[in-house]
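Here's the structure, in structure tokens; my notes come after.
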Amino acid sequence: MAAGTGEGLKLVRADLCGRLDRLEAGLSARGSIGVASDAGAIASLAGEYGMIPTQRLAEGLAVALGSGGRGAAIGPWIERLRESIGCEAVDDSAGDRWIASVMVRLAG
Numbered sequence: 031m032a033a034g035t036g037e038g039l040k041l042v043r044a045d046l047c048g049r050l051d052r053l054e055a056g057l058s059a060r061g062s063i064g065v066a067s068d069a070g071a072i073a074s075l076a077g078e079y080g081m082i083p084t085q086r087l088a089e090g091l092a093v094a095l096g097s098g099g100r101g102a103a104i105g106p107w108i109e110r111l112r113e114s115i116g117c118e119a120v121d122d123s124a125g126d127r128w129i130a131s132v133m134v135r136l137a138g
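Heads up: the sequence shown begins at 31 in this note's numbering, then just goes up one per residue.
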């Protein structure tokens, strides 16, 4: 499905933010591996609506969580994922730029 517009996209973005909030809250209760599937669900929903940067970041977060990443290794993924939910750019090159921004933060 292509990226939506208007009220429908606002609802999807609100849903994605809520899911990310629940994922963050679940980190302490279920651990990073326990919430990896939540990140996968965020990626799936974002993909359905053509939100490529959000999808790519959520996929990266799922991998980081699935490998037991914590704290400094997870923070940049969550921070950039939250920012990407409101991003208007939805193409592959935008997704690449968002992923690169996480890599820079992790390297720094």
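A virtual CB, placed ideally from N, CA and C, is assigned to each residue, including glycine. These numbers come from a predicted model, not from an experiment.
Q) Could you give the distance in angstroms between the alpha-carbon of E78 and the alpha-carbon of G48? A) For the purposes of this step, residue 78 is identified with residue 48 of the sequence shown, where counting begins at 1. For the purposes of this step, residue 48 is identified with residue 18 of the sequence shown, where counting begins at 1. Distance between the alpha carbons of E78 and G48: 17 Å.
(Q) Quick check on the DSSP output: the alpha helix (DSSP H) that includes V65 runs from which residue to which? (A) In the sequence shown, the residue the question calls residue 65 occupies position 35. Careful: V65 lies outside any alpha helix (DSSP H) and carries neither H nor E.
Q. A32 to G80, Cα distance in whole Å?
A. Position 2 of the sequence shown, counted from the first residue, corresponds to residue 32. Position 50 of the sequence shown, counted from the first residue, corresponds to residue 80. Residue confidence is low: A32 scores 48 on pLDDT, short of 50, so the model does not pin down where it sits. No coordinate-derived value is stated.
Q) If we call anything under 8 Å between Cβ atoms a contact, is L53 one with A69? A) Position 23 of the sequence shown, counting from 1, holds the residue named residue 53. Position 39 of the sequence shown, counting from 1, holds the residue named residue 69. Yes, the Cβ-Cβ distance between L53 and A69 is below 8 Å.
(Q) Our contact map puts L50 next to I72 with C-beta atoms below 8 Å; I'd like the distance itself, whole angstroms only. (A) Looking up residue 50 in the sequence shown gives position 20. Looking up residue 72 in the sequence shown gives position 42. Going by Cβ atoms, the distance from L50 to I72 rounds to 6 Å, so yes, they are a contact pair.
Q) Can you tell which of L136, L111, A137 has the C-alpha that lies nearest to the C-alpha of G125? A) On the sequence shown, residue 125 is found 95 positions in, with the first residue counted as 1. Checked all of L136, L111, A137; the closest Cα to G125 is L111.
Q. What are the boundary residues of the alpha helix (DSSP H) that includes I82?
A. In the sequence shown, residue 82 corresponds to position 52, counting from 1. Note, I82: alpha helix (DSSP H), 82-96.
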